[in-house]
Amino acid sequence: MVVERGAGVLVAMICLGFALPVHAAPPVDFTNDIIPLISRLGCNASACHGKAEGQNGFKLSVFAHDPEGDFRALTRESRGRRISPTAPADSLLLRKISGAIGHGGGVRAPKNSRAYSLFLRWIKDGTPYEIGGRPALTRIRLEPSRQTAALNVSQPLKVMAEFSDNTRRDVTWLSIFHSNDTNMAEVDEKGIVTIGNSVGQTSVMARYQGKVATFQAIVPRPGPGVAYPNLPNHNFIDPIVDSHLKRLNIIPSLLSDDATFLRRVYLDIAGRLPTANESETFLSNNTPDKRSGLVEALLETPEFADYWALKWADLLRVDRLKLGHEDAYRYYKWIHESLSKNKPLDRLAHELLTAEGPLTEQPAGFFYRAANNTGDMAAMVSQVFLGVRITCAECHQHPYDRWTQQDYHAMRGFFQQVTTKNSAVGLALLAEGNPTIKHPRTGAVIRPYPLGESMPEKSPQGDRRHALANWMIHPENPYFARNLANRLWAHFLGKGLITPIDDLRETNPPSNPELLDALAASLVKNNYDLKKMIRTITHSRTYQLSSKPNATNLSDEQNFSRALFRRLPAEVLMDAVCDVTGVDEKFDGVPRGYRAVQLWDSQVQHYFLKLFGRPARATVCECERVTGASMGQALHLMNSPNIQTKLAHEGGRIKRLTFKHEDDADIVRQLYLSTFSRPPSRDEMNTGLQYLGSRRFQRRRAAEDLAWSLMNSLEFIFNH
């Protein structure tokens, strides 16, 4: 058999997987080829050689944030024993990853694999770090980037790298993939996406050399298209939601009844149940605009400020252990007063960021004392006001976003001037000097710049915080309004357009981008008026939908085609128990009559509040508040001696009801109105009357039992 000259090279090129025609093997270097491959194989993951102490004497930087250090570790450390230039195939690196000798990480690249061949070529080429003149990577793209997909189908993705010389290269096999929601879609290491059984929108991220790209799939409900009803639009929200639901072949649920809306909006705006009298008044009102009128009335109640001050106190870390009792209270009162006066949210944020002077006169300055250091402050500001998580970028490149160590320390730089000094009226906050920040690895000076911007030639003049605050609240800021809109939407609808709600990033796209953009634009247009936004959301038909599903939206929990069940927050549920039983809870350190929602001190010890997920305010993450239900919670509601005492209290509601009403039907009706904000159905009334009648000589105890059963129902524990 005669083999023409060069045919062997051609066969080798085909085996290595390079596209034809090929004139020469592309050069291999450490930064463009080996680093992505090391990441792809998981060698620099935090569970392997990327952990702080390394693994078996070999340490790599986690997620390849220090390629120069990784190059030294691989080629120079341990007297260069990991690489054998004279006998490349005998290199310890290749013998380990191929399984020729024992390796704690197992076989990562068999000898016949593409990965092994690439490592071998690099060693044969002299282990170059970089190859001069090689074009720089500018971006990556996923092909396809967006697609309508059916349930239970697979779709291969291709990652194309684009370079500064306008060339493109398929780097799929060197990329890392991650699914945002594995219930919606899974992706394997080859980039093959498999859609699951859920309807909605999902995304898959690809990462290569610090660049990220996203594939989005819209997964409609299977079957023939349904005739979408002609529904009224209450405001701009509804047609945007309807348009999305039409694409998904989903019909929204019917509008909620008045009793459901009444209870829902009281809980969402004021953080409390309506009283029986308030329920009867609203339900008997036949005016067409009574829902908007109720919202307006609730926005002017003291309970509105109490409830929303609690929410913001969580985010802004009003923590007595951190600040001290008096200072934490001053900080809380400033938050409460700001919300009571409906201070625009952009102004509230600006005042917090730029606070200066004596803290007794400028309580907003306690925001800075809630942070441990400038890095903590940068992370707090980014997460609370921008919805961006940068904490992990302190040590390494963000694995699912574009933020680098430089970005993290640039944000830190805005707060380096901040210090405290004693004044005649106590501790004062001020910004002074012109401190510099250096990159912890390279030593290069980093001048402050906001997220997503470029480093300026000079640092901002004067108090740097003003430059950051002005950038943040600018109408064209890509994060601030979207973050606030997403947080407010999540509060009222039970789920953010982006989840987690404080994790806005390119690789975590919103479930309905058009709606998030519209809500953010509305916030900006209305000068960040919180009450105006609450009116807008609660007036929408989308907010007022029933939680009862239909045949098309039974499994939908993403697209707002129906109301979602939401367990009441710890403080709201505690107050609801007190309202139904008519007996106040006594909290340590405050007078009797304080509602749980009014507790500014998160350190007040209380078993019920802790069990039901009250946050300690150790972080600014919304995830610190536990909102899920548990067996322990259910058992506590059933068996708590404290709740039993409230039900049987001599001054409680149950005794008053049985004393005041001779007719058992009145007792049943009042209990249903106070717990569910609605009168009982005919069957419920008959069941209640039958139970009370069967215990004629223990009428009060029977009423206590009925109240207990209602308080242990899902209808009481959940907002719906």
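Start counting the sequence shown at 1; every next residue gets the next number (my numbering). For glycine and all other residues, C-beta sits at the position ideal for the given N, C-alpha and C. This one's a predicted model, so the numbers in the text were calculated from it and none came from an experiment.
Through-space distance from Leu599 to Arg320, alpha-carbon basis: Taking the first residue of the sequence shown as 1, we reach residue 320 at position 320. Taking the first residue of the sequence shown as 1, we reach residue 599 at position 599. When rounded, the distance between both Cα atoms is 12 Å.
Whole-angstrom distance between Asp666 and Asp376, CA atom to CA atom: Numbered from 1 along the sequence shown, position 376 holds the residue referred to as residue 376. Numbered from 1 along the sequence shown, position 666 holds the residue referred to as residue 666. Taking the straight line from one Cα to the other gives about 57 Å.
Arg701 versus Ala634: straight-line alpha-carbon distance, rounded: Position 701 of the sequence shown, counting from 1, holds the residue named residue 701. Position 634 of the sequence shown, counting from 1, holds the residue named residue 634. C-alpha separation (whole angstroms): 22 Å.
Cβ distance (whole Å) where Arg389 is taken to contact Ile176 below 8 Å: Taking the first residue of the sequence shown as position 1, residue 389 is located at position 389. Taking the first residue of the sequence shown as position 1, residue 176 is located at position 176. Going by Cβ atoms, the distance from Arg389 to Ile176 rounds to 19 Å, so no, they are not a contact pair.
Cα-Cα separation between Glu337 and Ala328, rounded to whole angstroms: As a first step, residue 337 is located in the sequence shown; it is residue number 337 there, counting from the start. As a first step, residue 328 is located in the sequence shown; it is residue number 328 there, counting from the start. Each residue's Cα considered, the two are about 14 Å apart.
At least 3 beta-carbon pairs within less than 8 Å: the stretch 607 to 619 vs the stretch 677 to 687: no
Beta-carbon proximity list for Ser547, same chain, < 8 Å, skipping 5 on both sides: Locating residue 547 in the sequence shown gives position 547, counting from the first residue. If we look at Ser547 and ignore the five residues flanking it on each side, its Cβ neighbours are Ser253, Ser256, Thr260, Arg562, Ala563, Leu564, Phe565 and His720.
For His103, the three-state DSSP class (helix, strand or coil): By one-based count along the sequence shown, residue 103 stands at place 103. Looking at His103 - three-state DSSP - the assignment turns out to be coil, as it is neither helix nor strand.
Cβ-Cβ separation, Leu497 to Tyr543 (assumed contact under 8 Å), whole Å: Locating residue 543 in the sequence shown gives position 543, where the first residue counts as 1. Locating residue 497 in the sequence shown gives position 497, where the first residue counts as 1. Wrong, their Cβ atoms sit about 14 Å apart, outside the cutoff.
DSSP three-state assignment for Ala428, whether helix, strand or coil: As a working mapping, residue 428 is identified with position 428 in the sequence shown. If DSSP states are grouped into helix, strand and coil, Ala428 belongs with the strands.
His466: first and last residue of the uninterrupted beta strand (DSSP E) it sits in: Sequence index remark: in the sequence shown, residue 466 carries index 466 (1-based). His466 -> not in any beta strand (DSSP E); alpha helix (DSSP H) instead, spanning Arg464 to Met472.
Pair within 8 Å by beta-carbon distance, Leu60 and Ala73: Stepping through the sequence shown from its first residue, residue 60 is reached at position 60. Stepping through the sequence shown from its first residue, residue 73 is reached at position 73. Going by C-beta atoms, Leu60 is nearer than 8 Å to Ala73.
For Tyr672 and Ala551, the rounded distance between their alpha carbons: Position 551 of the sequence shown, counted from the first residue, corresponds to residue 551. Position 672 of the sequence shown, counted from the first residue, corresponds to residue 672. Each residue's alpha carbon lies about 29 Å from the other.
Thr536 versus His474: straight-line alpha-carbon distance, rounded: As a position in the sequence shown, residue 536 is number 536, starting the count at 1. As a position in the sequence shown, residue 474 is number 474, starting the count at 1. Taking the straight line from one Cα to the other gives about 22 Å.
Run of the beta strand (DSSP E) containing Ile176, from where it starts to where it stops: Translated into positions along the sequence shown, residue 176 becomes position 176. From DSSP, the beta strand (DSSP E) with Ile176 extends over Ile176 to Ser179.
Residue range of the beta strand (DSSP E) that includes Thr202: Start at 1 with the first residue of the sequence shown, and residue 202 comes out as number 202. Its beta strand (DSSP E) spans residues Gly200 to Tyr208.
The stretch 404 to 418 / the stretch 463 to 477 touching (three or more Cβ pairs under 8 Å): yes
Buried or exposed by the 16-neighbour rule on C-beta atoms within 10 Å, applied to Gly191: Stepping through the sequence shown from its first residue, residue 191 is reached at position 191. With 16 or more other Cβ atoms within 10 Å, it is buried.
Nearest candidate by alpha-carbon position, reference Ile218, set Pro456, Asn470, Lys322 and Pro513: For this step, residue 218 is matched to residue 218 along the sequence shown. Comparing Cα positions, the closest option is Pro513.
Nearest-angstrom Cα separation, counted from Ile34 out to Ser113: Looking up residue 113 in the sequence shown gives position 113. Looking up residue 34 in the sequence shown gives position 34. About 15 Å.
Contact set for Pro510: own chain, Cβ-Cβ below 6 Å, skip 5 residues either direction: Taking the sequence shown and counting its residues from 1, the one referred to as residue 510 is at position 510. Cβ neighbours of Pro510 beyond the five flanking positions: Leu497, Ile498 and Leu516.
Opposing strand residues paired with Arg719 [DSSP bridges]: One-based indexing of the sequence shown puts residue 719 at position 719. Reading off the sequence shown, one finds Asn at residue 719, where the question assumed Arg. The partner list for Asn719 (beta bridge, DSSP) reads Arg566.
Cys623 burial status per 10 Å Cβ neighbour count (16 or more: buried): Walking along the sequence shown from the start, residue 623 turns up at place 623. So Cys623 counts as exposed.
Through-space distance from Ser243 to Asn373, alpha-carbon basis: By 1-based counting over the sequence shown, the position of residue 373 is 373. By 1-based counting over the sequence shown, the position of residue 243 is 243. Taking the straight line from one Cα to the other gives about 46 Å.
Under 8 Å between C-beta atoms of Asp556 and Ile251: Against the sequence shown, residue 556 aligns to sequence position 556. Against the sequence shown, residue 251 aligns to sequence position 251. Going by C-beta atoms, Asp556 is not nearer than 8 Å to Ile251.
Meets three-Cβ-pair contact criterion under 8 Å: the stretch 585 to 592 and the stretch 265 to 272: no
Per-residue burial, Pro135 [other beta carbons within 10 Å of its own, 16 or more giving buried]: For this step, residue 135 is matched to residue 135 along the sequence shown. Per the 10 Å Cβ criterion, exposed.
Residues that DSSP places opposite Phe163 in a beta bridge: Sequence index remark: in the sequence shown, residue 163 carries index 163 (1-based). The partner list for Phe163 (beta bridge, DSSP) reads Leu137.
Beta-carbon proximity list for Asn56, same chain, < 7 Å, skipping 5 on both sides: Start at 1 with the first residue of the sequence shown, and residue 56 comes out as number 56. So the qualifying residues of the chain are Gly104.
Three-state secondary structure (DSSP) of Ile498: If you number the sequence shown from 1, residue 498 lands on position 498. If DSSP states are grouped into helix, strand and coil, Ile498 belongs with coil.
Cross-strand partners of Val212 (DSSP beta bridge): The residue labelled residue 212 in the question sits at position 212 within the sequence shown. Paired residue(s): Arg207.
Reduced DSSP secondary structure (H/G/I, E/B, other) of Leu545: Within the sequence shown, residue 545 is the residue found at index 545, counting from 1. Reduced to three states, the DSSP call for Leu545 is strand.
Per-residue burial, Lys525 [other beta carbons within 10 Å of its own, 16 or more giving buried]: Within the sequence shown, numbered from 1, the residue matching residue 525 stands at position 525. Looking at its Cβ environment, which holds fewer than 16 other Cβ atoms inside 10 Å, Lys525 is exposed.
Secondary structure of Lys421, DSSP reduced to three states: As a position in the sequence shown, residue 421 is number 421, starting the count at 1. Three-state DSSP puts Lys421 in a strand.
Runs of alpha helix (DSSP H) wholly within the stretch 22 to 88 (minimum 4 residues, chain order): 35 to 40 and 67 to 75
Short Cβ contact (8 Å threshold) for Thr194 with Thr507: Here residue 194 refers to the residue found at position 194 when the sequence shown is read from its first residue. Here residue 507 refers to the residue found at position 507 when the sequence shown is read from its first residue. No; because the gap between Cβ atoms is not below 8 Å, this pair is not in contact.
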